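Trainee: Take this structure, written in structure tokens, and hold onto it; I'll ask about it next.
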Amino acid sequence: MILPKKIDPGLCLFDADKKKNPVIETLYDMKRHFERIGCLLKSSQTKIILVLNPETPAFEETARTIKVLSYYKVPVSEMVINRVAEDSFPYKGYLNSQKKILEKIRTDYRSIPQIQIPFLGEEVKGDTQLTRLVPFMEQLFHETLFSESQKSQAR
Numbered sequence: 000m001i002l003p004k005k006i007d008p009g010l011c012l013f014d015a016d017k018k019k020n021p022v023i024e025t026l027y028d029m030k031r032h033f034e035r036i037g038c039l040l041k042s043s044q045t046k047i048i049l050v051l052n053p054e055t056p057a058f059e060e061t062a063r064t065i066k067v068l069s070y071y072k073v074p075v076s077e078m079v080i081n082r083v084a085e086d087s088f089p090y091k092g093y094l095n096s097q098k099k100i101l102e103k104i105r106t107d108y109r110s111i112p113q114i115q116i117p118f119l120g121e122e123v124k125g126d127t128q129l130t131r132l133v134p135f136m137e138q139l140f141h142e143t144l145f146s147e148s149q150k151s152q153a154r
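Residue numbers (numbering that gives the first Met the number 0): 0 to 154.
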């Protein structure tokens with residue numbers, strides 16, 4: 000790479016005289032936005048609930064997410080494992096691979112409360128389909144509220 004012998008000061012984005020540069024203003028806005036997100040993520044009022052399907056790519060992505068959140072000391076509150084096939088599922092190869100991933104989730108993340116939602120046979124869209132998820136969401140929120148009340152009583 001060939002660099003110019005002299006840099007044109009008019010090209011410097013971070014020049015003190017360029018305070019009204021729209022690029023700099025956008026960068027500072029983004030910085031403030033990310034700082035607010037960081038504060039929100041670290042708030043005791045924020046709950047991180049990860050949702051994944053019991054498949055290898057989703058598991059690996061979730062593992063990376065947990066690792067990054069852990070690095071920044073952001074705890075994961077719960078995990079929702081979606082589309083869990085029952086033993087009667089007709090595709091045994093898929094069922095067997097799912098069981099292996101479910102066991103890996105259970106062992107690797109046993110400290111994180113987990114809710115399993117069964118495979119419902121179709122994509123969940125609309126009010127009618129969403130009502131099928133209500134019992135599972137109630138379980139999730141009951142466990143979350145129950146664990147929070149235990150924490151506050153322990154203080």
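Just so you know, even glycine gets a beta-carbon here, dropped at the ideal spot from N, CA and C. For clarity, every value in this text was computed on a predicted model and none was experimentally measured.
Is it true that the CB of M78 sits closer than 9 Å to the CB of L119?
Mentor: Walking along the sequence shown from the start, residue 119 turns up at place 120. Walking along the sequence shown from the start, residue 78 turns up at place 79. Contact flag unset, no.
Trainee: Just the Cα atoms here: how many angstroms apart are E59 and K19?
Mentor: Mapped onto the sequence shown, residue 59 falls at position 60. Mapped onto the sequence shown, residue 19 falls at position 20. So the two alpha carbons sit approximately 44 Å from each other.
Trainee: If you run the structure through DSSP and keep just helix, strand and coil, what is P53?
Mentor: In the sequence shown, counting from the first residue as 1, residue 53 sits at position 54. In this structure, P53 counts as coil in the three-state DSSP scheme.
Trainee: Between the Cα of K99 and the Cα atoms of I111, V83 and S110, which residue gives the shortest distance?
Mentor: Within the sequence shown, the letter at position 100 stands for residue 99. The residue with the shortest Cα to Cα distance from K99 is V83.
Trainee: Compute the Euclidean distance between the alpha carbons of L49 and T25, then round it to the nearest angstrom.
Mentor: Here residue 49 corresponds to residue number 50 of the sequence shown, with the count starting at 1. Here residue 25 corresponds to residue number 26 of the sequence shown, with the count starting at 1. One C-alpha to the other measures close to 31 Å.
Trainee: Helix, strand or coil for Q44? Go by DSSP, reduced to three states.
Mentor: Position 45 of the sequence shown holds residue 44. Correct three-state label for Q44: coil.
Trainee: Quick check: what's the CA-CA separation for V73 versus I116?
Mentor: Walking along the sequence shown from the start, residue 73 turns up at place 74. Walking along the sequence shown from the start, residue 116 turns up at place 117. The alpha-carbon atoms of V73 and I116 are separated by roughly 25 Å.
Trainee: Beta carbon of T61, beta carbon of S96: below 9 Å?
Mentor: In the sequence shown, the residue the question calls residue 61 occupies position 62. In the sequence shown, the residue the question calls residue 96 occupies position 97. No.
Trainee: My output table needs one value for E60: the three-state DSSP class, helix, strand or coil.
Mentor: Here residue 60 corresponds to residue number 61 of the sequence shown, with the count starting at 1. Three-state DSSP puts E60 in a helix.
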